[in-house]
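Numbering (my numbering), first residue to last: 7 to 91.
This is the structure:
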């Protein structure tokens, strides 16, 4: 779960700064919430920061997100992974 752990650590660092609820994988609802966050991050606008990122940075982010998405589905096949680009 290399990608998924890296994604959660990255997201939770920001959530701690803004005092938001941390993302976990403990319950089905938590895992679905993570899947929803990944799907949102994969939208073209979010993935490319509205075209501001370099191609290499977009590819790095895409690889991390798709890897995390795949590992999450292997962990819990019941989560709904919405269509992403």
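Positions of the beta carbon are idealized from the N, C-alpha and C atoms, including for glycine.
Assign residue i to one of two classes, buried (16 or more other C-beta atoms within 10 Å of its C-beta) or exposed (fewer than that).
i: residue 32; result: exposed
i: residue 66; result: exposed
i: residue 44; result: buried
Within the same chain, show all residues whose beta-carbon is closer than 8 Å to that of residue i, passing over the 5 residues directly before and after it, in chain order.
i: residue 54; result: 64
i: residue 34; result: 82, 84 and 85
By the three-class DSSP mapping on this structure, what secondary structure does residue i have?
i: residue 82; result: coil
i: residue 60; result: coil
i: residue 88; result: coil
How many angstroms separate the CA atom of residue i from the CA atom of residue j?
i: residue 78; j: residue 48; result: 15 Å
i: residue 30; j: residue 59; result: 28 Å
i: residue 39; j: residue 19; result: 17 Å
Take residue i and list the residues in its own chain whose beta-carbon comes closer than 6 Å to its own, dropping the five residues that flank it on each side.
i: residue 10; result: 74, 77 and 78
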